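Residue numbers (my numbering), protein chains in the order written: chain G, 370 to 600; chain S, 2 to 425.
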């Protein structure tokens with residue numbers, strides 16, 4: 370037994386060295402770890418790009434917790450940024466996390482999908498965590514909007530996030546109303562947020578119109594009901 | 002469909018000739034057999050002066066870069082080379098060869114980018130074409146090549162700019178125009194027989210005359226470059242003079258290096274007979290093409306997924322993409338290009354379709370706001386049908402730009418989706 374073990378060690382060592390050497394040789398052609406990682410022509414897409422594309426799809430499908438979890442798994446340091454950096458993929462990831470967090474009112478059910486050390490405040494177990502998370506959403510979406518002033522999606526998503534906090538609700542309402550007036554609200558979620566804001570203002574007929582648009586646009590009209598965060 | 006397009010082109014050209022330049026009226030519709038053709042550059046320049054006024058080549062050079070002619074066309078002198086990812090033809094060719102990026106992307110893209118793999122080179126333009134025709138074609142493009150799906154796009158170009166560009170492009174090869182050949186005594190009927198014998202119809206069509214035997218198939222997508230690039234000979238009398246037609250027939254490579262037009266053995270007399278047929282035979286008027294009406298909504302629900310598959314993903318998003326997922330270049334309809342300013346129109350997701358476009362004043366507007374009672378997006382798609390029928394709408398640019406109009410069935414899906422409240 371001991372003899373066999375002795376024989377295995379060099380073999381493992383040899384294998385490990387071979388893999389390391391292969392990786393080193395391979396890495397010469399790449400711009401790895403945060404760069405383009407382009408290995409033309411066979412493999413060009415980075416796992417982050419694929420992961421973020423997948424998170425965007427989950428966001429579109431209304432799977433906000435899944436979308437946020439995917440982003441945190443793929444780019445664990447995403448929450449360290451205060452504004453999108455030059456890297457478009459990280460910017461897209463930040464948008465997904467910020468929008469998902471806002472739509473879940475700062476309370477992400479991601480404990481089973483994300484390792485403990487990445488939980489930070491994302492679970493929103495305490496009120497202050499939820500506030501912190503919503504503030505993150507607003508901060509990031511504001512930064513995205515600043516870079517894309519004429520982008521109705523960026524504007525609407527910021528409006529939604531602003532509407533989730535008392536201190537910024539009126540700003541969010543104005544933003545969403547302006548877009549709605551020009552038929553530029555891009556999602557049923559935005560119409561739902563607008564319906565809630567109009568209701569809070571006592572505008573029952575306006576609320577009804579916004580809810581009608583939400584139901585017409587939504588795959589599942591359930592998301593238009595008050596208090597329904599995740600479809 | 003191709004016949005439909007060919008007919009459309011004829012109408013377009015006739016429209017262009019009647020509404021385009023004064024020169025058309027002065028010069029007449031076509032050269033005749035007895036005309037002493039402008040066979041040298043001096044004579045050609047004189048002909049130019051008598052028709053469209055010449056443009057400014059220096060300005061033309063800048064405009065060629067502004068309109069990004071070299072994103073599709075090869076053979077333009079002294080323009081900055083364009084990166085492969087922005088070069089339509091090069092990029093599409095690489096995709097079709099499976100070499101552009103990883104296999105999954107190539108396979109996915111091959112379904113939708115099969116066009117623009119062959120685009121005519123603009124090399125030695127001055128040797129080959131009539132200046133007036135180039136100016137007219139730039140401002141009022143039409144489908145010239147029946148087997149090629151894309152057409153020259155209708156750009157936002159003034160007549161003056163077209164003259165400048167044509168002047169610049171025609172500098173190349175101007176001094177090497179073929180020697181003057183007159184068609185005196187050439188036999189039109191013999192020309193037709195010779196064209197059949199030499200199987201010109203294998204690649205070329207000539208609408209308005211009896212179809213050639215061995216005509217190329219009209220079903221399915223053509224992939225043979227020679228057939229794709231073969232012009233409809235109906236238009237030869239507007240584009241070329243007798244000298245250039247004869248030179249093309251006798252030695253195609255001398256007219257355009259690398260042309261897929263084969264060298265077919267023939268005498269000069271035979272070439273003159275064929276040229277006489279191409280330039281002088283009587284052409285039947287093209288059948289009138291009706292512009293279809295905007296379809297009524299279907300009696301069923303239509304989801305965004307269905308519309309995206311048939312319309313947005315298949316055709317639109319390539320030029321109206323999201324720069325964040327396309328390395329900063331969302332395409333000419335999004336981040337700008339081909340002389341168009343950035344419109345910020347991204348048709349790659351549900352939200353972005355709802356988010357509209359930037360108007361001329363830079364204000365964002367909905368695609369679904371009414372344009373004379375028709376949502377803007379539908380007006381653009383229907384305008385392409387009108388363009389194909391030779392009736393371009395000066396206020397609405399037809400979409401998809403430079404590609405065949407969408408089938409009415411696909412537009413009907415969009416009509417239904419809009420009528421149902423644009424569900425996700």
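From the three backbone atoms N, C-alpha and C, an ideal C-beta is built for every residue, glycine too. Please read all numbers here as calculations on a predicted model, not as lab measurements.
Spatial neighbours of residue i in its chain, beta-carbon cut-off 6 Å, leaving aside the 5 residues before and after
i, result
"residue 441/G", "483 and 487"
"residue 391/G", "With a pLDDT of 48 at residue 391/G, under the threshold of 50, the modelled position of this residue cannot be trusted, and the question is left open."
"residue 265/S", "199"
"residue 272/S", "247, 250 and 251"
"residue 368/S", "357, 377 and 378"
"residue 160/S", "140"
"residue 506/G", "467, 470, 471 and 530"
"residue 189/S", "277, 278, 281 and 282"
Sub-8 Å separation of residue i and residue j beta-carbons
i, j, result
"residue 140/S", "residue 403/S", "no"
"residue 209/S", "residue 284/S", "yes"
"residue 230/S", "residue 119/S", "yes"
"residue 295/S", "residue 269/S", "no"
"residue 447/G", "residue 418/G", "no"
"residue 355/S", "residue 323/S", "no"
"residue 223/S", "residue 163/S", "no"
"residue 191/S", "residue 282/S", "no"
"residue 590/G", "residue 582/G", "no"
"residue 557/G", "residue 425/S", "yes"
"residue 451/G", "residue 508/G", "yes"
"residue 580/G", "residue 562/G", "no"
"residue 78/S", "residue 132/S", "no"
"residue 62/S", "residue 236/S", "no"
"residue 89/S", "residue 73/S", "yes"
"residue 472/G", "residue 433/G", "yes"
"residue 513/G", "residue 453/G", "yes"
"residue 66/S", "residue 85/S", "no"
"residue 305/S", "residue 418/S", "yes"
Same chain, Cβ closer than 7 Å to residue i, five either side skipped, listed in chain order
i, result
"residue 60/S", "165"
"residue 307/S", "414"
"residue 172/S", "58 and 127"
"residue 521/G", "548, 553 and 555"
"residue 568/G", "576"
"residue 216/S", "202 and 206"
"residue 111/S", "96 and 97"
"residue 37/S", "Low confidence applies to residue 37/S: its pLDDT is 34, below 50, so where it sits in the model is not reliable, and the reading given next is rough at best. If we look at residue 37/S and ignore the five residues flanking it on each side, its Cβ neighbours are 181 and 183."
Heavy atom of the ligand NAD within 7 Å of residue i beta-carbon
i, result
"residue 457/G", "Ligands in the displayed structure: none, and consequently the ligand NAD is not present."
8 Å CB neighbourhood of residue i in its chain, flanking five on each side removed
i, result
"residue 316/S", "113, 401, 404 and 407"
"residue 420/S", "298"
"residue 422/S", "none"
"residue 502/G", "470, 475, 476, 477, 490, 491 and 493"
"residue 437/S", "With chain S represented from 2 up to 425, any question about residue 437/S goes unanswered, as that position is not in the structure."
"residue 401/G", "For residue 401/G, the predicted model reports a pLDDT of 31, less than 50, meaning its position is unreliable; a value from the coordinates is still stated below. Answer for residue 401/G: no residue qualifies."
Listed by chain order, chain C residues near residue i by CB distance under 8 Å
i, result
"residue 554/G", "Chain labels in this structure do not include chain C; the protein chains are G and S."
Complete runs of the alpha helix (DSSP H) confined to the region 490–519 of chain G [at least 4 residues]: For the region 490–519 of chain G, whole alpha helix (DSSP H) runs of length 4 or above, ordered along the chain, are 496–516.
Closer than 7 Å, Cβ to any Cβ of chain S: which residues of the region 568–597 of chain G, in chain order? Contact annotation: in the region 568–597 of chain G, residues whose CB is within less than 7 Å of a CB in chain S are 585, 586, 587 and 588.
Pull out every residue of the region 520–550 of chain G whose Cβ sits closer than 8 Å to any Cβ of chain S, in chain order. Of all residues in the region 520–550 of chain G, only 520, 521, 522 and 525 place a beta-carbon less than 8 Å from a beta-carbon of chain S.
Ordered list of alpha helix (DSSP H) runs contained in the region 373–412 of chain S, each at least 4 residues: Runs of the alpha helix (DSSP H) inside the region 373–412 of chain S: 377–389.
To be precise: take each residue of the region 351–363 of chain S, compare its Cβ to all Cβ atoms of chain G, and keep it if any distance is under 9 Å. Which residues remain? Only 351, 352, 353, 354, 355, 356, 357, 359 and 363 from the region 351–363 of chain S bring a Cβ to less than 9 Å from some Cβ of chain G.
Check whether the region 419–437 of chain G and the region 459–473 of chain G touch, using three or more Cβ-Cβ pairs below 8 Å as the test. Short answer: they touch.
Short of 7 Å Cβ to Cβ, which residues in the region 456–467 of chain G face chain S? The region 456–467 of chain G vs chain S, Cβ under 7 Å: 457, 460 and 461.
Considering only residues of the region 247–297 of chain S, which uninterrupted alpha helix (DSSP H) runs meet the minimum length of 4 residues and lie entirely inside it, listed in chain order? Taking only runs of at least 4 residues, the alpha helix (DSSP H) segments lying wholly in the region 247–297 of chain S are 253–256 and 269–281.
Can you pull out the residues from the region 251–265 of chain S whose beta carbon lies closer than 9 Å to at least one beta carbon of chain G? Hits within the stretch: zero.
Compile a chain-ordered list of the residues in the region 70–88 of chain S whose CB is closer than 9 Å to at least one CB of chain G. So nothing in the stretch comes that close.
Taking any Cβ of chain S, which residues in the region 427–445 of chain G have a Cβ under 7 Å from it, in chain order? Cβ contacts with chain S: 429.
Which residue spans inside the region 405–467 of chain G form an unbroken alpha helix (DSSP H) run of at least 4? Runs found: 416–429 and 433–443.
Selection of the region 364–384 of chain S by Cβ proximity to chain G, strictly under 8 Å: Going along the region 364–384 of chain S in chain order, one finds 365, 366, 367, 369 and 370 with a Cβ nearer than 8 Å to chain G.
Using a Cβ-Cβ cutoff of 7 Å, what residues of the region 482–513 of chain G are near chain S? List them in chain order. Answer set for the region 482–513 of chain G: empty.
Where are the alpha helix (DSSP H) runs, 4 residues long or more, that stay fully inside the region 134–214 of chain S, in chain order? Counting whole runs of 4 or more residues, the region 134–214 of chain S contains the alpha helix (DSSP H) stretches 160–170 and 189–198.
Residues from the region 317–332 of chain S in contact with chain G, defined by Cβ distance under 7 Å: Those residues of the region 317–332 of chain S placed with their C-beta closer than 7 Å to a C-beta in chain G are 325, ordered along the chain.
List, from N- to C-terminal side, the alpha helix (DSSP H) runs of 4 residues or more that fit wholly inside the region 79–128 of chain S. The qualifying runs are 89–97 and 104–111.
Along the region 337–348 of chain S, where does the CB come closer than 7 Å to a CB of chain G? Name the residues. Only those residues of the region 337–348 of chain S whose C-beta falls short of 7 Å from the nearest C-beta of chain G are listed: 345.
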